[in-house]
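Okay, so here's the structure we're looking at.
Numbering (our numbering), first residue to last: 1 to 277.
Written as structure tokens, this is what we have:
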């Protein structure tokens, strides 16, 4: 079960990293409800717990705001420990002259597209529901002594898909500019024709030139122009033995045969002598 949960969390982090540009070290915006949950469940230290949750190689940066800290102060003694812990976190700047609720402060910091790439950690169900409608806002929450990352909502997946299609397809204004550049290049090519001939280039090549795209280079394979001169080299004839060498070899062979016959004869004489005795 733990492996399955870790795999889901990794997929969620990868989705936001790929589609919305989240990069390490991750930034986590924590509200008062999540600080209180960490303390009651003893998920400490918080930075290590969130690092394991995000499967990050670097410790994430934890942020809060002055409005969130002020709300914890107003809750009194029941949240005194949470108030002290929240004061230890880094404070991000919110543009509120007067203190507002933590929900409104978080929504104002996130904005329409979450430009700071915050992970929002909260136990507030209403705030989580509002954050699902904003693209590029991963939400962290806790259940008992475990932390989870909400899977991307339908709105966030649709926004990521539309953004990808927009990057792949050109706008109407860009298409008009390309066609205008192509027509101008076509007119110039027809005006530069020799002897009144109009050499028109295809629209595709004109658009490529307007975009500054170079044609694919055609590589020629180096083929052998002729046979390998080493393979055509004539073999050298083997040197023939001279007449003197032949005579010497013949004499050596004859002497060797004489020695063999003499040895056999002596062995035969010795046997006969032994038999006679």
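Ideal Cβ positions, reconstructed from N, Cα and C, are used throughout, including at glycine.
Values in this document were obtained by computation on a predicted structure and should not be read as measured data.
Among the bridge pairs identified by DSSP, residue 91 is matched with 64. Distance from the Cα of residue 140 is smallest, within the candidate group 265, 3 and 54, for 54. Its chain contains no residue whose beta carbon lies nearer than 7 Å to that of residue 104 once the 5 sequence neighbours on both sides are disregarded.
Here residue 226 is exposed, its C-beta having fewer than 16 other C-beta atoms within 10 Å.
Here DSSP, grouped into helix, strand and coil, assigns residue 75 to coil.
When DSSP states are grouped into helix, strand and coil, residue 100 belongs to the coil group.
Taking the Cα positions, residue 149 is about 50 Å away from residue 182. Across the structure, residue 30 and residue 73 are spaced so that their CA atoms are roughly 15 Å apart. With a cutoff of 8 Å on beta-carbon distance, residue 138 and residue 159 are scored as not near each other. The three-state secondary structure of residue 70, taken from DSSP, is helix. For the pair residue 109 and residue 94, the CB atoms are nearer than the 8 Å cut-off.
In the structure shown, the three-state DSSP call for residue 110 is helix.
Around the C-beta of residue 232, fewer than 16 other C-beta atoms lie within 10 Å, and the residue is accordingly described as exposed.
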